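Working notes, beginning with the structure itself.
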Amino acid sequence: MTQARLFKCDFCGREVPRVRRIALDRGYDRLGQRHAVRYACDACSRSKEAERVHPVDASPKPL
């Protein structure tokens, strides 16, 4: 049996079986900018996404 390849998260340093990189989204384009390419584990990716995207107001109060 072969071992699964592990990747290192560039944000927290953990070794995980899968990393991701968000480079293009509505209002967010890292493809056309010079920058260090960094890959994130699932937890770091979710955390960074929450910082980048404005939170939705889910309160039951009417506008």
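Each residue of the sequence shown is one higher than the last, beginning at 34 in my numbering. Cβ coordinates follow ideal geometry from the N, Cα and C atoms, glycine included. Note that the coordinates shown come from a computational prediction; the quantities given were computed from them, not determined experimentally.
Check, Outcome
"Closer than 7 Å: residue 46 CB and nearest the ligand SAM heavy atom", "Here there are no bound small molecules, and the ligand SAM is not part of this structure."
"Alpha-carbon spacing of residue 83 relative to residue 55, whole angstroms", "12 Å"
"Whether residue 38 touches residue 78 by CB criterion (8 Å)", "no"
"Length of the line joining the Cα atoms of residue 36 and residue 75", "20 Å"
"Burial state of residue 42, where buried means 16 or more other Cβ atoms lie within 10 Å", "buried"
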